Amino acid sequence: MAISDTKLRSIYGKPYSGPAEITDSDGLGVRITPKGVISFQFRFRWEGKQNRMGLGRYPALTLRDARNIVADLRESADKGIDPRTLAGGNKSKSKPTVKDCLDYWKENYVDVTLRAKTIALYKSTVIKHMRDAFPGIPVEDIPVRLWVERFTEEEKINPRRARHLLIQLRSAIGWCTRRQFVSTTELMLLQPKDIGVKPVIGETTLSYNQLAKIWMAIERSRGSTSNRLLHQLLMLYGARNSELRLAIRGEFDREEGL
């Protein structure tokens, strides 16, 4: 009985009690475990003996690719070439998934070039929430429609986080594309403005009582003297942190309070 992609999708990852093997044509077949794990295999006769070789697992290896591989292997066998000697060259390499891309990005960029706090931020956001998206499906094969559906679900949970996740994931996948780890993906068709909402930047003016409480909290803190003074100077001058840290004595006007 011929194998169809619809049939494989209905079996994959679900409890299965049917035949352990299903054949297609030209020696192609699949083995299916009770847990719904599907593996492609190729049966062929060589030097009078029946042989079987594994091709890869579904859905990392698609039915179409498996059929193409088998066609090449069958042609080799007909020409007197042992298909097993060609398996390494003809076997289709699994395309990277979302998980593969995020792992590659993390190992080669995030962990290598970014600060500890930024690494922790990415781990708690895009890596945590998107690493398991579309398991087993090559990121290059995910249509924009499915991306929209995924981020629509994220919007329902937290609109601001949904947009932030899209921005971070686009950055990660874009980096992988520039490194030739993956080809063009339809994720890049989805713009941040299409998903979620922009974070609202509010303004707050502290009262004198609030400022006094902060000042006293700094005084009572266990931080070093230099850190406590730095934060108090920031309150007095309203300057940037780096401006005060790098300032020299001559830049302060004690008479004018500047």
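In full-length UniProt numbering, the protein residues as written are 1 to 258. Even for Gly, the Cβ is constructed at its ideal location relative to N, Cα and C. Keep in mind the model is a prediction, meaning the values are calculated, not measured.
Within 7 Å of any Cβ in chain C, is that where the Cβ of residue i sits?
i, result
"D194", "Structure shown: chain C not included; a single protein chain is present."
Around the C-beta of residue i, are 16 or more other C-beta atoms found within 10 angstroms, so that it is buried, or is it exposed?
i, result
"P15", "exposed"
"V98", "buried"
"T204", "exposed"
"E154", "buried"
"M130", "buried"
"T185", "buried"
"L73", "buried"
"P135", "exposed"
"L211", "exposed"
"L187", "buried"
"R220", "exposed"
"A217", "exposed"
"G48", "exposed"
"A2", "exposed"
"L206", "exposed"
If you draw a straight line from the alpha carbon of residue i to that of residue j, how long is it in whole angstroms?
i, j, result
"A116", "Y208", "35 Å"
"P34", "S17", "6 Å"
"N90", "S242", "A caution first: N90 carries a pLDDT of 42, below 50, which makes its placement in the model too unreliable to give a value."
"R222", "G13", "54 Å"
"S10", "S94", "21 Å"
"G56", "R240", "57 Å"
"L246", "Q232", "16 Å"
"P19", "V37", "13 Å"
"W46", "K79", "12 Å"
"S226", "I248", "15 Å"
"R228", "D253", "21 Å"
"T6", "D82", "32 Å"
"S76", "R52", "15 Å"
"I119", "V112", "10 Å"
"G88", "Y58", "With a pLDDT of 49 at G88, under the threshold of 50, the modelled position of that residue is not reliable, and no figure is offered here."
"S92", "A60", "In this predicted model, S92 has a pLDDT of only 41, less than 50, meaning its place in the structure is not dependable enough to derive any value."
"E149", "Y237", "49 Å"
"H164", "F151", "11 Å"
"V110", "D24", "44 Å"
"F40", "E140", "21 Å"
"L244", "E251", "10 Å"
"L121", "I22", "46 Å"
"S4", "F44", "21 Å"
"L8", "I32", "10 Å"
Which residues does DSSP list as the beta-bridge partners of residue i?
i, result
"P138", "T97"
"E243", "The partner list for E243 (beta bridge, DSSP) is empty, contrary to what the question assumes."
"residue 306", "Residue 306 cannot be examined here, being either before or after the span of the chain that is shown, 1 to 258."
"K16", "According to the sequence provided, residue 16 is Tyr. The question's Lys does not apply to it. For Y16, which the question treats as bridged, DSSP gives no partner whatsoever."
"F40", "V30, G56"
"E21", "R31"
Indicate, with yes or no, if the ligand ADP has a heavy atom lying under 6 Å from the CB of residue i.
i, result
"W215", "The model depicted lacks the ligand ADP and carries no ligand whatsoever."
Figure out for me which residue from the options has the closest Cα to the Cα of residue i.
i, options, result
"F42", "D26, G36, T225, V98", "D26"
"R179", "R84, K79, C101", "C101"
"L190", "D24, V182, I173, I137", "I173"
"L234", "P59, W215, S224, E251", "W215"
"I137", "E75, P96, L114", "P96"
"R84", "Q50, V110, L206", "Q50"
(message) Below 8 Å, how does it come out for the segment 97-106 and the segment 62-72: are there three or more Cβ pairs, yes or no?
(response) no
(message) Check whether the segment 118-135 and the segment 167-174 are in contact - that is, three or more C-beta pairs closer than 8 Å.
(response) Here the segment 118-135 makes contact with the segment 167-174; the two share three or more CB pairs at distances below 8 Å.
(message) For the segment 146-162 against the segment 180-195, do three or more pairs of beta-carbon atoms, one drawn from each stretch, fall closer than 8 Å, so that the two count as touching?
(response) yes
(request) Count the C-beta pairs between the segment 69-76 and the segment 135-154 that are closer than 8 Å, then say yes if the count reaches three, no if not. (result) no
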